[in-house]
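Participant: Encoded as structure tokens, here's the structure I'll be asking about.
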Amino acid sequence: MKPNQPDEEVRPDDLEEQVDFHIGKDAFKGPFTCHKAKTQLRTKQLAVKGISISYEAWECPKCQKEYLDSKQAQRLEKIWVIEKLLHEKTIHFDRTINYDGKAFFFRFPKEITNHWHQDMTAHIELLATNEFLVRIGEVTK
Ligand SMILES: [Zn+2]
């Protein structure tokens, strides 16, 4: 196990393309108001290591300022996590892959799993055949 030191937050200007956006205050849903005008929903693109990723934002028709509602902000946060992964800035650890005769598995380090219990499930997003994003959580009923 060789954890990287937890590094600084990834900010929009770390991305290849600059993104200027504002998270709408107490706003779970757009549209927002800017320059006395209603912002309009736009699909935007940003480049992460040459990969173009689209996201939605509310844009002021006058000043082009971007506003994000909470759902849009969550999506952008995930994009930043992926951006961190691609630049190998995340905290990570290496594990041996075990085989029990039927399936492959690995063990999580104990330091991480202190508060886990047996009813939890793993939600696995396949990024490639050898790359995954795993979210451990409660079973949703
Ligand atoms: Zn404006």
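Using the numbering used here, read the sequence shown as starting at 74 and increasing by one per residue. Heads up, the beta-carbon is just placed ideally off N, CA and C, and yes, glycines get one too.
State the beta-bridge partners of Lys111 as determined by DSSP.
Facilitator: Bridge partners of Lys111: Thr106.
Participant: Residues in the same chain with beta-carbon distance under 7 Å from Ile124, minus the five sequence neighbours each way, listed in chain order, please.
Facilitator: Here the set comprises nothing.
Participant: State the Cα-Cα distance for the pair Ala110 and Tyr140, rounded to the nearest angstrom.
Facilitator: Going from the Cα of Ala110 to the Cα of Tyr140 covers about 13 Å.
Participant: How far does the alpha helix (DSSP H) with Arg148 in it extend, from its first residue to its last?
Facilitator: Where Arg148 is concerned, the enclosing alpha helix (DSSP H) stretches over Ser143 to Leu159.
Participant: Roughly how many angstroms separate the alpha carbons of Trp188 and Ala176, rounded to a whole number?
Facilitator: According to the sequence displayed, residue 188 carries His and not Trp. So the alpha carbons of these two residues sit roughly 26 Å apart.
Participant: Do you know how far the Cα of Leu159 is from the Cα of Ala201?
Facilitator: One C-alpha to the other measures close to 13 Å.
Participant: Quick check: is any heavy atom of ligand 1 less than 6 Å from the C-beta of Lys117?
Facilitator: Lys117 Cβ: outside cutoff for every heavy atom of ligand 1.
Participant: Go through its chain and collect everything with a Cβ distance to His196's Cβ below 6 Å, but skip five positions before and after it.
Facilitator: If we look at His196 and ignore the five residues flanking it on each side, its Cβ neighbours are Arg208.
Participant: List the DSSP bridge partners of Asn219.
Facilitator: As displayed, the chain neither begins before 74 nor continues past 214, which places residue 219 out of reach and without an answer.
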